[in-house]
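S.K.:
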Amino acid sequence: MTDDTDRAAALLREHRESIDRLDAILVYTLAERFTHTQAVGRLKAEHSLPPSDPSRESRQIERLEWLAKEADLDPEFAKKFLGFIISEVIRHHEKLQN
Numbered sequence: 004m005t006d007d008t009d010r011a012a013a014l015l016r017e018h019r020e021s022i023d024r025l026d027a028i029l030v031y032t033l034a035e036r037f038t039h040t041q042a043v044g045r046l047k048a049e050h051s052l053p054p055s056d057p058s059r060e061s062r063q064i065e066r067l068e069w070l071a072k073e074a075d076l077d078p079e080f081a082k083k084f085l086g087f088i089i090s091e092v093i094r095h096h097e098k099l100q101n
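When the letters of the sequence shown are read in order and numbered with my numbering, they come out as residues 4 to 101.
1) Where Glu68 and Asn101 are concerned, what is the direct C-alpha to C-alpha distance, given to the nearest angstrom?
2) Pick from Ala13, Gln41, Gln63, Ile64: whose alpha carbon is nearest that of Lys98?
3) Can you tell me whether Val30 is buried or exposed, with buried defined as 16 or more other CB within 10 angstroms of its CB?
4) Less than 8 Å separating the beta-carbons of Pro57 and His96?
5) Leaving aside the five residues before and after Leu85 along the sequence, list all residues of the same chain whose C-beta is less than 8 Å from its C-beta, in chain order.
6) Can you tell me where the alpha helix (DSSP H) with Ala34 in it begins and where it stops?
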């Protein structure tokens with residue numbers, strides 16, 4: 004191997020190690036988030052509140068789009084990602100109400 008190839012392989016390894024650490028952070032962060040949303044779902048079920056709150060969801064999507072722009076992340080991607088999370092949370096809340 005050439006020096007350039009060795010350097011590229013080392014850089015690739017470093018990037019992949021960072022990606023692996025960030026994936027772990029994402030998983031643990033999502034788990035913590037869902038712990039809180041499950042608590043919210045139980046409260047809603049106990050007090051006969053609707054499983055979704057469209058007004059809050061709309062505000063959260065706007066907030067995430069703003070954060071995405073600040074972080075130089077595609078706002079449409081961020082919006083889709085949060086939309087998926089919100090739909091999962093609502094699904095869990097609906098299960099708790101049955």
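Backbone N, C-alpha and C fix where the C-beta goes; we use that ideal spot for every residue, glycine too.
Note that the coordinates shown come from a computational prediction; the quantities given were computed from them, not determined experimentally.
M.R.: With the structure as the only source:
1) Per the coordinates, the alpha-carbon of Glu68 lies some 33 Å from the alpha-carbon of Asn101.
2) The candidate whose alpha carbon is nearest that of Lys98 is Gln41.
3) So Val30 ends up on the exposed side.
4) Not closer than 8 Å, so no.
5) The answer, listed in chain order, is Gln63, Ile64, Leu67.
6) Per DSSP, Ala34 belongs to the alpha helix (DSSP H) from 6-49.
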